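Contents: one structure, followed by commentary.
Residue numbers (our numbering): 843 to 1016.
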């Protein structure tokens, strides 16, 4: 979408970014009706497909921003030194896009992990997600251990972000 100009490019970009414009509860209801029409029972796979729909725009925006800032001459220089297009992609382009890919993955994880609306529609009885379980416990039982689990969840997510930052040697831009 960044490097090549083709007919319908804007339509493809709009298609992939459209889930950002639709409220998640409406998207969940629409996917539920779609699966019901196909006679597909709610399961972990329907939930996974729903999360792919809501997380893809964040990853695409993140990677697109990284590709816009990437000089295509670096890949051309690698190919002029004997690398194939695939080798140039894996040895030059992909390492330079590392921070964009990681930030897109973090966005997708946070969006997916905090989603309740879509999961309420698409998860089956055997595949309840953690946010839905926490929501139902708060709504029906008011158990104080859920508050502790939610606090622990925030700490774990923060630690995961720090670990990913250390592993991929990412800089924090404020």
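Just so you know, even glycine gets a beta-carbon here, dropped at the ideal spot from N, CA and C. On a predicted model such as this, the values are computed, not experimentally measured, just so you know.
- Give, in chain order, every unbroken run of the alpha helix (DSSP H) that is at least 4 residues long and sits entirely within the region 968-994. DSSP runs (the alpha helix (DSSP H)) wholly in the region 968-994: 972-982.
- Query: In whole angstroms, what is the alpha-carbon distance linking residue 896 and residue 920?
  - Reply: 36 Å
- Task: For residue 924, count neighbouring Cβ atoms within 10 angstroms of its own Cβ and tell me buried if that reaches 16, exposed if not.
- Result: It is exposed - the Cβ of residue 924 has fewer than 16 other Cβ atoms within 10 Å.
- Does residue 888 have its Cβ less than 8 Å from a Cβ in chain B? The chain inventory of the structure shown lacks chain B, comprising one protein chain alone.
- Query: For residue 934 versus residue 916, is the C-beta distance shorter than 8 Å?
  - Reply: yes
- Alpha carbon to alpha carbon, how far is residue 968 from residue 960? Residue 968 and residue 960 have their alpha carbons spaced roughly 16 Å apart.
- Query: Sorted by chain position, which residues of the same chain lie with C-beta nearer than 7 Å to residue 1016's C-beta, five sequence neighbours on each side aside?
  - Reply: A caution first: residue 1016 carries a pLDDT of 43, below 50, which makes its placement in the model unreliable, though a value can still be read off. Result list for residue 1016: empty, nothing under 7 Å.
- Query: Going straight from the alpha carbon of residue 991 to that of residue 907, what length do you get?
  - Reply: Approximately 35 Å between the Cα atoms of the pair.
- Which first and last residues belong to the alpha helix (DSSP H) in which residue 958 is found? First-last for residue 958: undefined, no H or E at that position.
- Item | Under the three-state DSSP convention, the category residue 881 falls into | coil
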